[in-house]
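Report on the structure given below.
There are 2 protein chains.
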Amino acid sequence: MKLSKRGEYGLRALQDLAVRYGAGSVSNKDLAERNNIPPRFLEQILLTLKHGQIVRSHKGPRGGYYLARPPQQITLAEVVRLLDGPLAPVSCVSATAYEPCGCPDMEACGLRRVMQQVRDVVAQMMEETTLGDLVAE
Amino acid sequence: MKLSKRGEYGLRALQDLAVRYGAGSVSNKDLAERNNIPPRFLEQILLTLKHGQIVRSHKGPRGGYYLARPPQQITLAEVVRLLDGPLAPVSCVSATAYEPCGCPDMEACGLRRVMQQVRDVVAQMMEETTLGDLVAE
DNA sequence: GATTAGTCCGACTGAAATTGTAGGAATTTG
DNA sequence: CAAATTCCTACAATTTCAGTCGGACTAATC
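From first to last, the protein sequence lines are chains A and B.
Here the first sequence stands for residues 1136 to 1272, where the numbers follow my numbering.
Here the second sequence stands for residues 1136 to 1272, where the numbers follow my numbering.
Structure representation (structure tokens):
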């Protein structure tokens, strides 16, 4: 049930970008230093975030990254799905990557019912929490 | 956020044992066949479940496995923690495997707050759901 | 227009976890 | 004793994870 380092680092970096939203771009180097993330690794992560339309960037000196949308419009679910894959604990209850499991009777499977509930509550929390919520006080 | 095959297979097998609780022991072979689990792999899983005091066994012909306690006294949390490790999405909010993360300010970390909530709600669901609940109708 | 700070991209690598398999010893039933 | 079963340890294939590296490209600044 654990998030990968990619996910963790990515979220930390985005939280940092959310704090600074509107104040220009932040370089990979700064993000890495402030958040204790291996810089070369973070570079890779930011690139996937860019391809996923979550951040934008510009190059050259004084270049860097910034959020592609206001923090209130970026949900944790979106980020985690991009960096870490589906939220569901088992694929037979996944909204985004459904696959049947090998249980004898799908309908009667109590396990599936409760895993579905777990997925639903986690998905709901992640979907209704935005980067904006993270940095609001 | 996904459960391992170990966890999934283990839970499926235990659900099966819960249905048959009180009616003697079930062999690894039967469990494997009924639940579509590689038998040799399941054997290994059942062994860890045994060491974790969740099942008992007896050997020889007509031997097999059975729950060590009534299904109502075995929680999903216990099983998942045994087979899959901590429930927390990040280790800085884990009850059973706490480790500090690298974020600049632990207290101010919004990410940590929401991850804590996710952990709490998942842990609560898993802790209050028993094998008995799985097979009740 | 050269320098320099930065992103962009793909390839690579080492270590660890995951998902099993295999062999054989021990035990119990019939 | 024969057969069925668990127990235990070791091994192996594959995949994933976490991170590194080299170098191309781009833009700002002096």
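Cβ atoms here follow ideal geometry from the backbone N, Cα and C, with glycine treated the same way.
Original post:
When you compare only the Cα positions, how much space is there between Gly1199 of chain A and Val1249 of chain B?
Top reply: 27 Å
Subject >> Buried or exposed by the 16-neighbour rule on C-beta atoms within 10 Å, applied to Pro1174 of chain B >> reply: exposed
Original post:
Mind pulling the chain B residues with CB within less than 7 Å of Thr1264 of chain A?
Top reply: Val1249
Subject >> Tyr1201 of chain A CB to nearest heavy atom of the ligand NAD below 6 Å >> reply: Of ligands this structure carries none, so the ligand NAD is not represented either.
Original post:
Tyr1201 of chain B bridges to which residues according to DSSP?
Top reply: B:Arg1191
**OP:** Name the residue from A:Met1136, A:His1186, A:Ala1243, A:Asp1268 whose alpha carbon lies nearest to the alpha carbon of Val1217 of chain A.
**Re:** Looking at the sequence itself, residue 1217 of chain A is Leu, so the reference to Val does not match. Closest by alpha carbon: A:His1186.
Original post:
Should Arg1197 of chain A be flagged as near chain B, meaning a C-beta pair shorter than 7 Å?
Top reply: no
Original post:
Which same chain residues, not among the five before or five after Ser1162 of chain B, have their C-beta less than 8 Å away from its C-beta?
Top reply: Gly1198, Gly1199, Tyr1200
Original post:
Are the segment 1136-1152 of chain B and the segment 1223-1230 of chain A in contact at 8 Å, needing three or more beta carbon pairs?
Top reply: yes
**OP:** Compare the beta carbon distance of Thr1183 of chain A and Glu1262 of chain A with 7 Å and say whether it is the shorter of the two.
**Re:** no
**OP:** Report back the beta-carbon spacing between Val1253 of chain A and Met1241 of chain B to the nearest angstrom; my notes put them in contact at under 8 Å.
**Re:** In fact, because the Cβ distance is near 27 Å, the residues do not count as touching under 8 Å.
Subject >> Proximal chain B residues relative to Gly1245 of chain A, where beta-carbon distance stays under 8 Å >> reply: Gln1150, Asp1268, Leu1269, Val1270, Ala1271
Original post:
Taking C-beta to C-beta, are Leu1152 of chain A and Leu1202 of chain A nearer than 7 Å?
Top reply: yes
**OP:** Pull up the distance between the alpha-carbon of Glu1272 of chain B and that of Ala1243 of chain A, whole angstroms please.
**Re:** 9 Å
Original post:
Name the chain A residues whose beta carbon is nearer than 8 Å to that of Gln1179 of chain B?
Top reply: Ordered by position in chain A, no residue passes the 8 Å Cβ test against Gln1179 of chain B, which lies about 17 Å from the chain.
Original post:
Looking at the unbroken alpha helix (DSSP H) that takes in Val1257 of chain A, where does it start and where does it end?
Top reply: 1245-1263
**OP:** Could you check if Glu1143 of chain A is buried or exposed, using at least 16 other CB atoms within 10 Å of its CB as the buried criterion?
**Re:** buried
Original post:
Can you tell me the Cα-Cα spacing of Ala1232 of chain B and Gly1220 of chain B, whole angstroms?
Top reply: 9 Å
**OP:** Just mark Gln1150 of chain A as buried or exposed, buried being the case when its beta carbon has 16 or more other beta carbons within 10 Å.
**Re:** buried
Original post:
Which residues in the same chain as Thr1265 of chain A place their Cβ atom closer than 8 Å to its Cβ, once the five residues preceding and following it in sequence are excluded?
Top reply: Pro1206, Gln1207, Gln1208, Ile1209, Thr1210, Leu1211
Original post:
What is the C-beta distance between Val1214 of chain B and Leu1146 of chain B, in whole angstroms, given that I count them as a contact (C-beta under 8 Å)?
Top reply: 6 Å
Subject >> Distance, Leu1181 of chain B Cα to Val1154 of chain B Cα >> reply: 17 Å
Subject >> Val1214 of chain A, DSSP secondary structure in three states >> reply: helix
**OP:** Please check the pair Asn1170 of chain A and Gly1157 of chain B, which I expect to be a contact at CB under 8 Å, by giving their CB distance rounded to whole angstroms.
**Re:** The pair is not a contact, with the Cβ atoms about 54 Å apart (cut-off 8 Å).
**OP:** Give a yes or no on whether the C-beta atoms belonging to Thr1270 of chain B and Gln1251 of chain B are separated by under 7 Å.
**Re:** The sequence given here places Val at residue 1270 of chain B; Thr does not occur at that position. No.
Subject >> Contact residues within the segment 1201-1219 of chain A, judged by C-beta distance below 8 Å to chain B >> reply: Leu1211, Val1215, Asp1219
Original post:
What number of angstroms, rounded off, separates the C-alpha of Leu1177 of chain A from the C-alpha of Glu1168 of chain A?
Top reply: 10 Å
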